[in-house]
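Protein chains in written order, with my numbering: chain A, 1 to 341; chain B, 342 to 682; chain C, 683 to 1023; chain D, 1024 to 1364. To keep things clear, I will list the structure first and then write my remarks on it.
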């Protein structure tokens, strides 16, 4: 049996996520990056030279190029919906960073465009490919925990993005919290209602934009489970990422490891080198995610999480974000019912 | 220097907590139990014979006995306020189980009675004497964490009390959650607002009484910190008690240990003997707490937490309980302002 | 059923171990210390006043006192054999610090004296009462590990005793190593041969006395298992005590815990308060050990480890000590066969 | 600056190690495998088809091929010396599995051949490239531990190789123990004397060949440090690999991690998925090792560990193996002085 033909992709965007995606693609022999496209030619060229690909600013040419099988969209959130629609209309498969769009209206248009064009669209929730989270999923589905009763998640980045980035990102719940909210849906099930409160600890000027660098939330799941969630930026004591699922008969926990198994003991305690950020923590997941995208396209199987699934995660994140801003509980259906497709 | 005269106490109540208190007192040479008093003579006698004391049903006689320096009240929550008032009026010092009362009105009367009589009254928040929590307090006060930004607490008992007990206890937040809420006040500071939601997982009949066996909450502290809290009864995977404090420069965590350092490794993982309940977890704290009560009385120094301090913890717990029942955020001042002393 | 009559003991010696024993006895209600006896009256008086007992220098009077049921010998190793003989001849039961004697000849005389007098004699291997080691023993006896194949032990004290003490102690293997060697016998079985090498790291003047502050050994057990052992004084990175037993189907490990479950996380790692010495590590064991001594005497059951059992541990320690000094493997039978009782 | 020309290698041997090497090479873009060569054509072809290379049985052709820059020797130990000599004489650089030879005579011939030919020869001690071990090395060299006083190593494989393999391997110390002995030299310094004893636990028929499946050893380092070492095959409780270095001021430990950070808690304890073998544990090290080989050749810098360095590790392993067979301490110089180059 001969291996499937390699997949040719174009990378759109040349920022931080593009670099992570290009790096992950370098470990996947069956996918080749043909071109890196960015509105700033210098950025595109810089990344392209690191990875030995062509560089361009002309997205139209990419979408018209019959060699390109799929497009990987790593551009800022506000551009997602429009670029998904355009790429789908060009008949190319799509991999897009989360969230699928910055609002429900864009998200619904994107889902419609993808489904109308009959292309595949995978959204970049890389944690779904994290070996620990995947194994947790298998244990839960195998009934090892019995009925699921609770969920706890903490995600705290160790650095502070620029105010400009934060403003464009849609807020803490839409940019960071959405990873844990998607994980909650993946491991426990749909969330019915969320209450979220926030604070500004690191950068006072965030307040004038109604932005938060820290937030905590409680979740009511449709199946009766309860959850807590915490998200933070600029955590002084370092990067945190912890997930716990509580069941009738057992509890699963996975959290940030140290970089190596080395431990240094003194009379003061024990020191080690902690992981510093999501790039390190989800190193394997990023590779597995893009490899799965390629394999599913080559095998003609549906990718996951797809556009419609990811729209639900967006919906939940928007509910959390609204609760954060408004200070009262918000049901997910309130968000879902505002726009009809 | 001769040691201070030993303290003579009477134990009122002969249930589960009375046993824990009598056990702890057996490690404290400077305090002697003279009598155990319970409305059921058989219960009083049984416990009295285990610990070599007299037994009675006559509280009046105890309160009139000049040999008795202090009374330890281990009776159900609804009796606390009344018994505190009566004991204070008899001029005896008081140690009472938490919460100081089942409602704000009783609590204010108790505080007034104590202060009017000029006796001392310590409330049984034993975690304030837990070596780990105490050391955390010292680190926070020494500024090792910098500004405090967050708090996380989980307390899950492994068993289910009777419905009758649960009804009398005032609810999950008043009975169990109050320990973590008092800890939040002790380590981080006053809480301004709390949102709490609950579920019934283990015992469906709780629903008809408006009771919950599981709850999660988010907390807004007056100093800007944010918190999450989780409380549960009848946890199938075992007893949990975890506290975390997050600061600008560090994070403190203490949680349930195993019973011994023994670890058993197989190809399946590692097993050990976990602690099973608060009696085991806070073994040292119970002894240190009652020893401190005795020492402060003997030295003529104010006990802690005293009645007024504990009234604030009750106030916070009542806010959490009301939020749990009502489903919306509740400010602590809403509770505090309802009754005026 | 009435409780057994309390046991009255005399404590002989008023040094470091006497203090640990007196402290442990203070937690055991059924044993009372009548007198503390030391050749230096000031030492005896100081300790006696801390624990509210009489003080004396007159051992003869103690041995003649019909009130005294048993004598606890905490004097230096070279005095053990002689004092055991004298106490046994006086018809008193004996608790003596390890090792039972400083040489085989003394040990055999002590065993003979005890057995001739028909008194009981327990030797102070407190680790046999450590909850972790006991639980390990139960698991091994229950067959949970299958056939036992290996043993590993590390004991490193964090401080350096005086050269004078070290000279009197019989050497590193006789004083410190014997704890792990007794544990090896207790958990795995008899040792056939030992090879031991040593070094001087902390105190160069030890060399002129042929003493070592660090040693490692390998053990061949009669049942085919293999072992490693390490002993050290003056460990710069802190107190260590680790035991591992390897079986066909599993491995047991127990080692030094932290003092509390508190962990302090920063970007550098995690710090905690480690245990500092055997007094802290075996706190519970010391109490359980002396309580068991009392209970066995009161119940008329044989104590354990008794004199004959402890003579075997001494024999093994002397073999290790000889190997350490000579640099070649030494069989335990070589030691055992040199003196015949 | 253009990247250096890629390196073309031939892989000699098509067994278990060849597969691990080919896999590692697949992550290193700058090295290309041209051919896989094995005396059994079917084996060569099978592996070659997995990795898309040519296959051959003709080593001569490979050595004569000007396209081949270096040869990777993964054949059994007894063939190493002869193949190194032949490859060196053909002017090709060499990467060879440890040990460099099965005896000192072969090893000296190999070193001579390499040095005479002026080619480079790296020996496959992959642990020297393990991130944890490397970081330990840096800390030791930076003086973070102060004077080094001790070393502890445990390596236990979870499976049993064939008796045939074990006979050809030179024994437990030469095949498995040599990894920890090389690590001891790398982290602590040269070893002066070793005492080693062994046992047969899993496969009784090993005894008739004088082979062991378990061994423990003690080490005397030239700098005064002491060490313990344990090696085992067919460990029923799973794969173990632990290294500890003890210094005046601190202790380093690194051991086998779990496969993911997932932990499953029940009332029985906590389970996780342990790593199963050296292939999993040293996954990263194998890639880093072969990448370093390529980079050093391309940069014209000396590789490490080179033939002469690896001869010292062999020498130490042969001393350990002789002690294991003879039952008495063996000095490394005894081995070193038997053959003169």
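For glycine and all other residues, C-beta sits at the position ideal for the given N, C-alpha and C.
Asked	Found
Limits of the unbroken alpha helix (DSSP H) element including residue 392 of chain B	382 to 392
Where residue 566 of chain B falls, given that 16 or more other Cβ within 10 Å makes a residue buried	buried
Buried or exposed (CB count within 10 angstroms, at least 16 for buried), residue 263 of chain A	buried
Residues bridged to residue 465 of chain B (per DSSP)	B:438
Proximity test, Cβ basis, 9 angstroms: residue 818 of chain C and chain B	yes
Cα-Cα separation between residue 1140 of chain D and residue 1051 of chain D, rounded to whole angstroms	27 angstroms
Three-way DSSP call (helix, strand, coil) for residue 683 of chain C in this model	Unreliable placement is indicated for residue 683 of chain C, whose pLDDT of 40 sits below 50; no coordinate value is reported for it.
Option in C:751, C:1017 and C:838 with minimal Cα separation from residue 982 of chain C	C:751
Per-residue contacts from residue 492 of chain B into chain C (C-beta, under 8 angstroms)	None at all; the shortest Cβ gap to chain C is about 15 angstroms.
Residue 653 of chain B: first and last residue of the uninterrupted alpha helix (DSSP H) it sits in	648 to 667
Supposed close pair residue 220 of chain A, residue 193 of chain A - CB separation, criterion 8 angstroms	4 angstroms
Spatially closest choice to residue 374 of chain B from B:380, B:351 and B:573, by CA coordinates	B:351
Test: residue 837 of chain C CB closer than 9 angstroms to a CB of chain A	no
Cβ-based neighbour list, residue 1256 of chain D, same chain, cut-off 6 angstroms, excluding 5 preceding and 5 following	1180, 1183 and 1236
Residues from the segment 1260 to 1288 of chain D in contact with chain A, defined by Cβ distance under 8 angstroms	1272, 1273, 1274, 1275, 1276, 1277, 1278, 1279, 1280, 1282, 1283, 1284, 1285, 1286, 1287 and 1288
Residue-level contact to chain B via CB, residue 1025 of chain D, 9 angstroms cutoff	Here residue 1025 of chain D scores only 47 on pLDDT, less than 50, and its place in the model is too uncertain to base an answer on.
Reduced DSSP secondary structure (H/G/I, E/B, other) of residue 948 of chain C	strand
Spatial distance of residue 975 of chain C from residue 792 of chain C (CA atoms)	18 angstroms
Whether residue 691 of chain B touches residue 418 of chain B by CB criterion (9 angstroms)	Outside the modelled stretch of chain B, which goes from 342 to 682, sits residue 691 of chain B, for which no answer is possible.
Residue from C:872, C:761 and C:936 with nearest C-alpha to residue 788 of chain C	C:761
Integer-rounded CB distance, given that residue 541 of chain B should sit under 8 angstroms from residue 1292 of chain D	No, residue 1292 of chain D and residue 541 of chain B are not in contact; Cβ-Cβ is about 29 angstroms, not under 8 angstroms.
Anticipated Cβ contact below 8 angstroms, residue 585 of chain B with residue 487 of chain B, distance rounded	The Cβ separation is near 15 angstroms, so there is no contact.
As assigned by DSSP and simplified to three states, the class of residue 832 of chain C	strand
Beta carbon of residue 1156 of chain D nearer than 9 angstroms to that of residue 1301 of chain D	no
Segment limits, beta strand (DSSP E) that includes residue 933 of chain C	933 to 936
Reduced DSSP category for residue 332 of chain A - H, G, I as helix; E, B as strand; rest coil	helix
Beta-carbon spacing of residue 1211 of chain D, residue 1246 of chain D below 9 angstroms	yes
Reduced DSSP secondary structure (H/G/I, E/B, other) of residue 600 of chain B	coil
Proximity test, residue 41 of chain A beta-carbon vs the ligand ATP heavy atom, cut-off 8 angstroms	This structure lacks the ligand ATP, and indeed carries no ligand of any kind.
CB-CB length for residue 1041 of chain D against residue 1097 of chain D, believed under 8 angstroms	4 angstroms
First and last residue of the uninterrupted beta strand (DSSP E) at residue 8 of chain A	7 to 12
Members of the segment 856 to 885 of chain C that neighbour chain D once the beta carbon cut-off is set at 9 angstroms	875, 877, 878, 879, 880, 881, 882, 883 and 884
Within chain C, partners of residue 268 of chain A - CB distance below 8 angstroms	953
Segment limits, beta strand (DSSP E) that includes residue 1252 of chain D	1249 to 1255
Within chain B, the residues that residue 227 of chain A reaches when beta carbons sit closer than 8 angstroms	557
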